[in-house]
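Working notes, structure below.
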Ligand code: SF4
Ligand code: SF4
């Protein structure tokens, strides 16, 4: 049993944040349909019977390789495994399985040619749905092998923090915009996890010079319409997996914009990491390297009364 550390952030208070900006105002038929499918079709499939007969592997390495192959055959673009520590669990939450299998899936760059807009918003939800299918199917496979597991869906009320787990599992490094940058997928992907008691060999974090790249590049900070991304790392924000002070986005500035303008994502689309090598389209679609930005004036910052995770108030 692993209890969230007293210094962990609390789970994101979606209702309180939306209430603070006057409620949900993004209505796109395809997005609403994905949300309905996730709620009605995916949530009921989070649990299942564990096979009383355990399949044993020759080693934890072999078990991990089996899981990696399974996740990739289900459609994952990246898979990594990490040991869960209390700091990876939200404050006040308790989990029962020690290994996290973190799964990533790319969003299609061709849907981010203009941001923020209906296409970019819909692509975010499409990937939440397809990633949900992957973690649900992977959990079913793990239960059929005789091991308990829990689905930590990419959207909604997760008990674990996907980002620090993915960093430990070697997905990449934390960018200035607060999202992970993967050496090949760049920042344009989403994460989900399955946590399990199946004994697994864990992956190692990477140092590919990405965090250093962010120290000289400020594209996301320059284009963020809400001025939520900082100039400097903050020694109050905790350390990333490489021991760097973290860049900390001002959530009270980001959220009102995100909630009003198609889940924004401008900071991901403008990210120029590795000269946008990650944005190449290998399926023959013609895409621009830099998106058209359709940014609006930012609403006033908000800070809901409910308890929230710590974040700096930028230039308030
Ligand atoms: S999502 Fe938009 S508002 Fe939020 S940090 Fe990124 S660019 Fe800024
Ligand atoms: S735009 Fe530049 S500074 Fe921002 S996350 Fe990407 S590489 Fe880092």
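Numbering (the numbering used here), first residue to last: 1039 to 1354.
Note that beta-carbon positions come from the ideal geometry of N, C-alpha and C, so glycine has one too.
Owing to the predicted nature of the structure, the values given are computational and were not obtained by experimental measurement.
In chain order, what residues of the same chain lie with their CB nearer than 6 Å to the CB of residue i, ignoring the 5 residues before and after it?
| i | result |
| --- | --- |
| residue 1166 | 1192 and 1193 |
What's the call for residue i, buried or exposed, on a 16-neighbour Cβ count within 10 Å?
| i | result |
| --- | --- |
| residue 1074 | exposed |
| residue 1040 | buried |
| residue 1199 | buried |
| residue 1242 | exposed |
| residue 1085 | exposed |
| residue 1161 | buried |
| residue 1349 | buried |
| residue 1202 | buried |
| residue 1247 | exposed |
| residue 1304 | buried |
| residue 1209 | buried |
| residue 1065 | exposed |
| residue 1067 | exposed |
| residue 1190 | buried |
With a threshold of 8 Å, establish whether the CB of residue i neighbours any heavy atom of ligand 2.
| i | result |
| --- | --- |
| residue 1361 | Because residue 1361 is not part of the residues shown, which for the chain are 1039 to 1354, the question remains open. |
| residue 1215 | yes |
| residue 1077 | no |
| residue 1072 | no |
| residue 1131 | no |
| residue 1259 | yes |
| residue 1232 | no |
| residue 1329 | no |
Given residue i, which residues of its chain have a CB within under 7 Å of its CB, disregarding the five upstream and five downstream residues?
| i | result |
| --- | --- |
| residue 1098 | 1237, 1238 and 1239 |
| residue 1135 | 1186, 1187, 1188, 1233, 1234 and 1235 |
| residue 1206 | 1120, 1243 and 1279 |
Might you give, ordered along the chain, the residues of its own chain that have their beta carbon closer than 8 Å to the beta carbon of residue i, omitting 5 neighbours on each side?
| i | result |
| --- | --- |
| residue 1133 | 1039, 1040, 1122, 1127, 1188, 1197, 1198 and 1233 |
| residue 1272 | 1283, 1284, 1285, 1286 and 1350 |
Since residue i contacts residue j with CB under 8 Å, what's their CB separation in whole angstroms?
| i | j | result |
| --- | --- | --- |
| residue 1324 | residue 1317 | Actually they do not touch by this definition, with Cβ atoms about 12 Å apart. |
| residue 1290 | residue 1351 | 6 Å |
| residue 1163 | residue 1081 | Actually they do not touch by this definition, with Cβ atoms about 15 Å apart. |
| residue 1336 | residue 1269 | With 8 Å as the limit, residue 1336 and residue 1269 do not qualify as a contact, their Cβ atoms being about 17 Å apart. |
| residue 1267 | residue 1215 | 6 Å |
| residue 1181 | residue 1069 | Going by Cβ atoms, the distance from residue 1181 to residue 1069 rounds to 31 Å, so no, they are not a contact pair. |
Compute the minimum distance between the beta carbon of residue i and the heavy atoms of ligand 1, and state whether it is under 8 Å.
| i | result |
| --- | --- |
| residue 1304 | yes |
| residue 1340 | no |
| residue 1187 | no |
| residue 1275 | no |
>> With three or more C-beta pairs closer than 8 Å as the rule, is the segment 1312-1332 touching the segment 1143-1156?
In response: yes
> So does the segment 1292-1306 actually touch the segment 1107-1117, counting three or more Cβ pairs closer than 8 Å?
Replying inline: no
>> Would you call the segment 1139-1146 in contact with the segment 1053-1066, where contact means no fewer than 3 C-beta pairs closer than 8 Å?
In response: no
> If you pair each beta-carbon of the segment 1204-1223 with each one of the segment 1306-1321, do three or more pairs fall below 8 Å?
Replying inline: yes
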